[in-house]
Amino acid sequence: DIHPTAKDGSKAVAQEIATLIRERQAAKEPAVLGLATGSTPKYLYAELVRLHKEEGLSFKNVVTFNLDEYYPIEPDALQSYNRFMKEHLFNHIDIPEGNYHIPDGTIPKEQIKAYAAAYERKIEEAGGIDIQILGIGNNGHIGFNEPGSNVNSHTRLVTLDNSTRLANAYEFSNMSQVPRLAVTMGIGTIMKAKKVILLAWGSHKAKIVCRSVEGHSTDQVPASLLQQHSSCKFVIDEQAAAEL
Ligand code: GLP
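Quick note on this note's numbering: the sequence shown kicks off at 12 and runs consecutively.
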């Protein structure tokens, strides 16, 4: 879907999420969301907060799983995705504390495998992800699944590409402070979601959006693997659509 601006696109996706939440409320069932961080979903979260405050949308039946987190990182560090989610969404809505899950950047290395397997299990026990929200990195990464990530990969510890560390360096005081590792859901985890919505705004995303949608599906462009998902859409603004 192409919208005039990022705000228009974000509002449309927020409405889709609100509809799911209300349907599940009526059926007394949970709505399970997969959530992303970065600058891209900020308007979406602002709109969900607005729907909560102004239109009474409740998140009591909502369960969420975040895609990724830097490693290692303390949850209250300025750049942590744990902190990001609280500041942009969780602190402003009525989601019960036990209902949201964000990969933990403080797990000792030798425990990460077991931790990652437990994260996958929790998603399954919740009934699987109904709607997975994604952003896209300049190299086509989704979550922190860099080029070369296997289509069947699951939650795991990964090494960040240098280009990703550079792109995200603005969040840190200097490049050497950017973690070299991250914990991320895998491409396989994302592919299991019932519905996937990738958001992209701005002319700097136009090239990779085009490559992901119109190029062949290859693990060298992780977002292009979404062509193999049965219910995936890109919600983008006119600038990000410029090369299509
Ligand atoms: C980060 C995140 C991704 C995000 C991407 C794009 O590295 N791990 O989940 O989609 O970069 O970031 P932005 O939305 O700021 O362009």
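From the three backbone atoms N, C-alpha and C, an ideal C-beta is built for every residue, glycine too. Computed from a prediction, not measured in an experiment: that's the story for all the values here.
State yes or no: is the C-beta of ASP105 within less than 8 Å of the C-beta of LYS71? yes
Rounded to whole angstroms, what is the Cα-Cα separation between LYS216 and ILE198? Taking the straight line from one Cα to the other gives about 20 Å.
Tell me whether ILE247 counts as near the ligand GLP, meaning its Cβ is closer than 7 Å to at least one heavy atom of that ligand. no
Cα separation between LYS53 and ILE144? 12 Å
Buried or exposed: LEU177, going by 16 or more other Cβ atoms within 10 Å of its Cβ? exposed
Those residues which DSSP pairs with ASN150 across a bridge: DSSP output for ASN150 lists no bridge partner at all.
Between the Cα of PRO15 and those of GLN250, SER241, PHE183, spot the shortest distance and give me the residue it belongs to. GLN250
Going by C-alpha distance, which of VAL43, HIS112, TYR92 is nearest ILE32? VAL43
Can you tell me which residues form a DSSP beta bridge with GLU65? None, per the DSSP bridge assignment.
Can you list, in chain order, every residue whose CB sits closer than 6 Å to a heavy atom of the ligand GLP? ALA47, THR48, GLY49, SER50, THR51, LEU78, ASP79, GLY146, ILE147, GLY148, GLY154, PHE155, THR175, ASN179
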